[in-house]
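Protein chains in written order, with numbering that gives the first Met the number 0: chain A, 0 to 390; chain B, 0 to 390.
2 protein chains.
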Amino acid sequence: MDFLKKNILCKSAFSFVAIVGFTLNSINAQVPENTKPAPTNINQNGCPCIFSDNRVLFKVNAPEAKQVQVDLGQLYDMEKDSEGNWTVITKPQDPGFHYYSLVIDGFKFADPASESFFGTGRMASAIDIPEEGVDFYNIKDVPHGEIRSRVYYSKTTGTWRNINIYTPPGYDENTNKDYPILYIQHGGGEDERGWAVQGKTNFILDNLIAEGKATPMIVAIPNGNATKPGVNARGYNDEAMAVFKEELFENIIPFVEKNYRVKPGSENRALSGLSMGGGQSFFTGLRNTDMFDYVGVFSTGLFGGIGRANNSFDAELVIPGILTNPQKFNDNLKVFYISVGEQDNRIEATKTLVETFKTKGLNVEFNSFPGDHEWQVWRKSLHDFAQKIFK
Amino acid sequence: MDFLKKNILCKSAFSFVAIVGFTLNSINAQVPENTKPAPTNINQNGCPCIFSDNRVLFKVNAPEAKQVQVDLGQLYDMEKDSEGNWTVITKPQDPGFHYYSLVIDGFKFADPASESFFGTGRMASAIDIPEEGVDFYNIKDVPHGEIRSRVYYSKTTGTWRNINIYTPPGYDENTNKDYPILYIQHGGGEDERGWAVQGKTNFILDNLIAEGKATPMIVAIPNGNATKPGVNARGYNDEAMAVFKEELFENIIPFVEKNYRVKPGSENRALSGLSMGGGQSFFTGLRNTDMFDYVGVFSTGLFGGIGRANNSFDAELVIPGILTNPQKFNDNLKVFYISVGEQDNRIEATKTLVETFKTKGLNVEFNSFPGDHEWQVWRKSLHDFAQKIFK
């Protein structure tokens with residue numbers, strides 16, 4: 000009988016009438032006037048919902064709570080009505096993807112009304128606000144590739160690990176065709192789901208390939224959080240970079256290039272990433288230009304890395320020759336690309352670094368996009384970088 | 000400057016030192032004596048953690064909360080210490096996968112210490128308790144297939160929809176080989192992630208294929224929550240079954256069989272599912288034996304469907320001939336399989352139905368497994384059913 004009592008939750012969860020799924024919070028089921036439900040909402044939840052000026056209305060039914068807040072970076076206090084419904088309307092938000100949490104009586108967690116995404120070191124809510132006139136990452140009526148999930152055994156970490164692989168449209172049909180490959184890294188607090196889900200890598204590439212703007216390519220989306228037993232790998236210290244390099248060179252690349260139809264050689268291999276992953280790409284890509292002809296560094300404030308002086312960055316120290324012998328890098332790299340959000344506090348240091356590189360004669364392509372340290376900037380960075388490589 | 004203030008969360012989320020990810024709740028970082036962290040925990044969280052007798056210790060740091068509970072079907076009140084840490088030790092739990100929620104001051108949500116899974120109509124926490132001596136769904140050192148995620152446009156729902164496809168080891172290499180296919184459906188409150196993530200379909204099939212116990216097959220894992228504008232599809236009513244059939248026959252099967260190397264004909268096509276998906280398989284499979292030679296129905300209390308008398312089920316009414324002309328079904332179906340959990344309250348009605356079928360001369364294979372209405376039963380059902388089909 001214990002079993003019967005135990006699983007009330009499961010029983011109601013799988014009842015017959017729940018074909019379309021549940022609406023947990025009845026006040027969320029209606030879409031308030033002049034708003035649209037966020038596309039990241041679960042099922043039919045009307046809220047969070049977005050006004051035409053990108054203010055967002057959040058709603059939570061929690062009659063017993065003393066305090067309810069929304070943490071969107073800025074903390075918003077919600078107000079309670081007589082039925083225990085808490086609401087708040089935020090300031091206009093930037094278009095794009097923003098992680099957020101609910102905070103009830105000081106405890107922070109994911110909103111049941113939203114999809115969850117692995118970011119900020121846990122499964123977090125997010126709201127994805129459409130950007131007017133921007134549709135390069137939408138699903139369109141074009142040939143679609145796949146995101147393939149697969150496990151490999153890493154001798155470095157001593158564990159089975161998951162990797163996501165984008166294969167372009169036609170991969171299964173054109174069995175004699177080999178493809179160039181982009182290895183792309185997520186940020187801190189994220190994993191291999193970042194570029195596959197939040198980043199919309201598949202739709203960005205599907206659309207670019209359909210328009211003839213990108214060379215059909217494979218994109219390997221690994222988990223960059225590699226640790227090695229007994230090694231103190233932290234931040235950008237030498238041990239961390241050595242473990243990342245070992246995982247990439249001795250496990251990921253051999254696995255991917257054995258199991259997928261990848262064109263050989265550095266001219267068919269690109270490395271890029273965002274934030275932490277941009278740092279990994281900077282260090283590993285520029286130190287190994289025999290392996291990669293294309294390096295993309297998105298939103299990486301290199302000036303903040305462990306072992307570097309605060310707010311300064313000695314590129315020559317970590318990449319010998321980059322300032323004193325830039326021609327070697329110009330000869331070995333076809334594209335060295337740096338991008339950053341225009342509202343990211345990393346922008347000034349990034350521009351300074353790019354200026355230093357240019358002054359020394361190093362070829363570097365720089366672009367910036369509206370937005371802070373967030374996925375809309377990284378989607379645009381991938382969209383930009385993917386058009387420059389393998390050409 | 001608004002932008003800078005706005006994204007404090009994102010900035011800390013992507014800071015340099017967060018290589019391995021965050022531990023939100025510091026009291027969770029240590030694993031208490033005599034326990035093991037649940038494999039479903041995020042990152043290094045020590046709790047929820049499991050004693051050797053399968054009691055589970057939950058921990059939450061919420062100094063401001065008035066009341067904290069764990070909802071595992073049974074609701075457990077947690078106790079607070081002087082530092083605001085709430086803990087509870089549950090009764091011994093069944094091995095396997097259990098959805099759960101935290102409840103703070105009456106509001107139910109997913110535990111930040113756990114991975115989240117789409118179930119119970121939202122992203123829910125779960126704890127997966129290893130079962131001694133049971134390893135058929137573990138990752139082993141055998142050839143591994145892939146779970147491929149892809150979108151198709153449904154003319155029925157009028158939307159782009161995601162589908163997951165398991166392709167067996169060797170699919171990419173053996174380009175002249177075609178495979179039989181199992182279409183498998185999730186339960187109510189779940190979606191196409193259910194069998195791909197909670198169900199561990201890929202590891203179950205990889206292991207069975209490596210042992211020579213299952214014929215290498217493709218498994219299509221669609222989203223069964225299909226709705227059609229203007230149609231009142233609810234539960235098992237005729238409209239719901241018609242929409243499900245239309246989505247499967249006019250969208251999913253043509254898409255899958257066009258894009259993957261699927262052997263043609265009903266002898267190479269199986270349909271199965273759990274709970275709600277078991278009902279979909281029962282109705283759609285048995286009404287269309289020209290399409291499917293194999294039908295698997297897991298944990299479906301058919302006696303509870305809308306339009307049927309309460310606690311009774313007239314099989315002949317919904318599947319004409321099944322009791323009066325069983326030979327037709329015996330001739331057309333190679334395997335008709337029913338399973339249920341031994342602690343599921345559906346078991347008696349399920350056994351009665353199986354007995355009725357057998358009395359009338361219908362060939363039906365029945366099995367039951369320890370457990371309630373839960374994924375451990377469904378993993379075992381797939382493991383059992385997959386060994387019987389395409390042989």
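From the three backbone atoms N, C-alpha and C, an ideal C-beta is built for every residue, glycine too.
Being a predicted model, the structure only gives us computed values, none of them experimental.
Cutoff 9 angstroms: residue i Cβ touching any chain A Cβ
i: threonine 351(B); result: no
i: glutamine 66(B); result: yes
i: asparagine 60(B); result: yes
i: tryptophan 159(B); result: yes
i: lysine 227(B); result: no
i: threonine 174(B); result: yes
i: asparagine 362(B); result: no
i: isoleucine 41(B); result: yes
i: asparagine 171(B); result: Reading the sequence as shown, one finds aspartate at residue 171(B) and not asparagine. Chain A, which has a Cβ nearer than 9 angstroms to the Cβ of aspartate 171(B), makes this yes.
i: alanine 195(B); result: yes
Closer than 9 angstroms to chain B by CB, residue i
i: valine 30(A); result: no
i: isoleucine 49(A); result: no
i: asparagine 258(A); result: yes
CB-CB length for residue i against residue j, believed under 8 angstroms
i: glutamine 197(A); j: phenylalanine 96(A); result: 6 angstroms
i: asparagine 201(A); j: glycine 144(A); result: 6 angstroms
i: arginine 260(A); j: aspartate 292(A); result: Incorrect: roughly 19 angstroms between the Cβ atoms, too far for contact.
i: glycine 276(A); j: glycine 223(A); result: 6 angstroms
i: threonine 283(B); j: leucine 247(B); result: 6 angstroms
Amino acids of chain A, ordered along the chain, whose beta-carbon sits closer than 7 angstroms to that of residue i
i: glutamate 145(B); result: Arg147, Ser148, Arg149
i: isoleucine 103(B); result: Ile103, Asp104, Phe106
i: glutamate 63(B); result: Asp104, Gly105
Closest by C-alpha distance to residue i, when choosing among the options
i: glycine 360(B); options: Phe384(B), Asp330(B), Asp383(B), Ile346(B); result: Asp330(B)
i: phenylalanine 312(A); options: Leu332(A), Thr349(A), Thr283(A); result: Thr349(A)
i: asparagine 344(B); options: Asp177(B), Ser367(B), His382(B), Asn224(B); result: Ser367(B)
i: isoleucine 183(A); options: Val55(A), Arg233(A), Gln68(A), Val296(A); result: Val296(A)
i: leucine 381(B); options: Asp371(B), Val339(B), Ile346(B); result: Val339(B)
i: isoleucine 88(A); options: Ser81(A), Tyr99(A), Tyr75(A); result: Tyr75(A)
i: threonine 86(B); options: Glu114(B), Gly186(B), Val67(B), Val230(B); result: Val67(B)
i: proline 91(A); options: Arg54(A), Lys58(A), Gln43(A), Asn222(A); result: Arg54(A)
i: glutamine 386(A); options: Leu352(A), Val334(A), Thr351(A), Phe57(A); result: Val334(A)
i: phenylalanine 254(B); options: Met275(A), Pro142(A), Val255(A), Gln279(A); result: Pro142(A)
i: glycine 132(B); options: Pro94(B), Val150(B), Gly169(B); result: Pro94(B)
i: glutamate 341(A); options: Gly300(A), Ser113(A), Thr174(A); result: Gly300(A)
i: asparagine 161(B); options: Asp190(B), Leu181(B), Asp140(B), Lys176(B); result: Asp190(B)
i: isoleucine 128(B); options: Thr34(B), Glu256(B), Arg233(B), Asn324(B); result: Thr34(B)
i: tyrosine 336(B); options: Pro325(B), Val353(B), Asn324(B), Gln326(B); result: Val353(B)
i: alanine 219(A); options: Arg192(A), Ala213(A), Asn236(A); result: Arg192(A)
i: tyrosine 151(B); options: Glu114(B), Ile251(B), Gln326(B); result: Ile251(B)
Partner residues on chain A for residue i, Cβ-Cβ distance less than 8 angstroms
i: arginine 378(B); result: Near arginine 378(B) there are no residues of chain A at all, since even the closest Cβ is about 14 angstroms away, more than 8 angstroms.
i: aspartate 140(B); result: Tyr152
i: serine 115(B); result: Ala109, Ser115, Met122
Classification of residue i by the beta-carbon crowding that lies within 10 angstroms, buried from 16 upward
i: valine 376(A); result: buried
i: glutamate 373(B); result: buried
i: proline 179(B); result: buried
i: lysine 107(B); result: buried
i: lysine 379(B); result: buried
i: proline 263(A); result: exposed
i: leucine 316(B); result: exposed
i: glutamine 279(A); result: buried
i: asparagine 175(B); result: exposed
Cross-chain neighbours of residue i in chain B, by beta carbon under 8 angstroms
i: proline 111(A); result: Lys107, Phe108, Ala109, Arg121, Met122
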